[in-house]
Amino acid sequence: MARYEIKGGTPLSGTVTISGAKNAAVAILPASLLVAGPCRIENVPDISDVRILLSILEGMGADIQRPEENVVIIDCSKVTDTRPNPELVKKMRASYYLMGALLGRCGRAHVALPGGCNFASRPIDQHIKGFEALGADVEETDDYVELEPGPHGLQGNRICLDIVSVGATINIIIAAVLLPGQTIIENAAKEPHIVDLANFLNTMGANVSGAGTDTVKIRGVESLKGGTYAIIPDQIEAGTYLAAAAATGGNVLVRNVIPKHMDCITSKLAEMGAEISNYDDALRIRAAGRLRHTTVKTHPYPGFPTDMQAQICVCMSLASGVSRLTESVYETRFFGYCSELESMGADIQINGKTAIVTGTDRLYGATVSAHDLRAGAALVIAGLAAEGTTWVKNIHYVERGYERLIGKLTALGAAIRRVED
Ligand code: UD1
1 MARYEIKGGT
11 PLSGTVTISG
21 AKNAAVAILP
31 ASLLVAGPCR
41 IENVPDISDV
51 RILLSILEGM
61 GADIQRPEEN
71 VVIIDCSKVT
81 DTRPNPELVK
91 KMRASYYLMG
101 ALLGRCGRAH
111 VALPGGCNFA
121 SRPIDQHIKG
131 FEALGADVEE
141 TDDYVELEPG
151 PHGLQGNRIC
161 LDIVSVGATI
171 NIIIAAVLLP
181 GQTIIENAAK
191 EPHIVDLANF
201 LNTMGANVSG
211 AGTDTVKIRG
221 VESLKGGTYA
231 IIPDQIEAGT
241 YLAAAAATGG
251 NVLVRNVIPK
261 HMDCITSKLA
271 EMGAEISNYD
281 DALRIRAAGR
291 LRHTTVKTHP
301 YPGFPTDMQA
311 QICVCMSLAS
321 GVSRLTESVY
331 ETRFFGYCSE
341 LESMGADIQI
351 NGKTAIVTGT
361 DRLYGATVSA
371 HDLRAGAALV
381 IAGLAAEGTT
391 WVKNIHYVER
401 GYERLIGKLT
411 ALGAAIRRVE
421 D
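Using this note's numbering, the first residue of the sequence shown is number 1, and each one after it goes up by one.
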């Protein structure tokens, strides 16, 4: 077991370079199962979710090389195994993309139900609805999902999602790429990593259009060939550093971002009084003086991301006045961190889907526990801003999604270290 020790109170200052997007990487790597030949994937973040996924794919027979930092060459040509290692599958959420990838490639799959961050009930009924619409017979138990071709075989179809789901949109795209006919996904999610996945697949020879809108069309192709692709920068990692700079009253240049993807986050930080400058592929945040209260409601992209809820809550906890934070994607997400923040001096009242956050002058160091990835990131931010020393436990959650967190924060002047218990 390891934990972070953070001596708070230093405004972050300097430059941080954002890594490749976790949520794009965990979709693109399983999607490489569809490709007949080696894919060179660049800007792959070195985080534990990616390492687990690569182990799963390697165990299924993929040839994986890491010729340099953040580059993966993956060749799944020889994969025939349709039963990925259940113990590894259960360690992460996005392993559910193996269902779509195996269905598309082999016509069948036997995949354990995913684990990962369980900050809410996270059903996969929309994924299953999609697979069934594509012609799959689906058997679902408490432990696994088994997919095989139904009586009429697998083919493209029109699917209208009942809920805007990132995971279901991605899984159906992956499953449909090699199927005959056209698949149309209505009410699709529009997150940047969905566009990134479509760009990856199209680079390899797929015909996916409309990604980034609420209607995605996939015209089946016979095969995909290998190629080279670079993953986009991580919107949420960038947002986390922006929030950390805001909470500590810092001045930080955040490099390797797509500023357009950040609008939903930077507009709120600007409302709170931070000064934001946009460059081609970078953002600068200057946060002099106390932040102001604001109102935030999470939404699917291009709304304010639920994955930034906890980090903005820390900023609200330190702002003047009373802020309102409403969660509309995962209602129970507040429970992963609000009581931990309260132990540091925050004043948060949860009223159904809304947290009423009364700002305080300062937070105080405490021993706190991460209960999921973004909650853990928020506790790190709180520790950086707090007076005194904070210990963050359960940091394996944080390490699932933040590459070289300690190195990046230390370079910004933070006093943070990883301590093995
Ligand atoms: C993805 C992200 C996660 C982010 C979330 C919302 C990845 C790997 N993870 O998760 O970081 O927090 O989007 O932006 O990209 N739902 C159903 N049935 C389904 C699928 C979803 O009811 O079959 C509900 C969920 O419970 C949730 C909402 O739909 O309330 C959105 O979930 P979804 O977009 O699917 O999230 P994930 O893909 O799991």
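For glycine and all other residues, C-beta sits at the position ideal for the given N, C-alpha and C.
In this model, PRO180 and ARG374 are separated by some 39 Å (Cα to Cα). Closest by C-alpha distance to ASP46, out of GLY249, GLY20, VAL79, is GLY20. For the 9 Å CB-CB criterion, GLY383 and GLU237 do not form a contact. Looking only at ALA355, HIS261, VAL368, GLY249, the smallest Cα-Cα distance to ASP361 is reached by GLY249.
When only Cα atoms are considered, ALA385 and LEU154 end up about 54 Å apart. Where LYS7 is concerned, the enclosing beta strand (DSSP E) starts and stops at 2-7. Between the ligand UD1 and ILE174, a heavy atom-to-CB distance of less than 8 Å is absent. GLU191 has its CB nearer than 8 Å to a heavy atom of the ligand UD1. The three-state secondary structure of LYS78, taken from DSSP, is coil.
The stretch 47-59 makes contact with the stretch 393-411: 3 or more CB pairs, one atom from each, lie closer than 8 Å. When the alpha-carbon of GLN182 is set against those of ILE73, ALA109, ILE218, the nearest one is in ILE218. Below 8 Å, enough C-beta pairs join the stretch 103-113 and the stretch 74-84 to call them touching: three or more. Beta-bridge annotation (DSSP): ALA25 is not paired with any residue.
The three-state secondary structure of ARG93, taken from DSSP, is coil. For the 9 Å CB-CB criterion, THR15 and ARG286 do not form a contact.
PRO30 counts as buried, since at least 16 other C-beta atoms from the protein chains shown sit within 10 angstroms of its C-beta. When DSSP states are grouped into helix, strand and coil, LEU147 belongs to the strand group. Distances between the C-beta of ALA247 and the heavy atoms of the ligand UD1 are all 8 Å or more. By the Cβ rule, the stretch 169-177 counts as touching the stretch 86-105, because three or more pairs are nearer than 8 Å. Per DSSP, HIS396 is one residue of the alpha helix (DSSP H) stretching across 396-399.
One alpha carbon belongs to VAL166, the other to GLU69, and they sit about 28 Å apart. Per DSSP, reduced to three states, the secondary structure at GLU340 is helical. In this structure, TYR402 has its beta carbon at no less than 8 Å from each heavy atom of the ligand UD1. Relative to the Cα of ASP280, the nearest Cα in the group THR298, SER267, MET272, ILE258 belongs to ILE258. For the stretch 133-203, the full-length beta strand (DSSP E) segments reaching 3 residues or more read 136-140, 144-149, 158-160, 182-186 along the chain. Distance from the Cα of ILE232 is smallest, within the candidate group ALA211, MET204, HIS261, ASP214, for HIS261.
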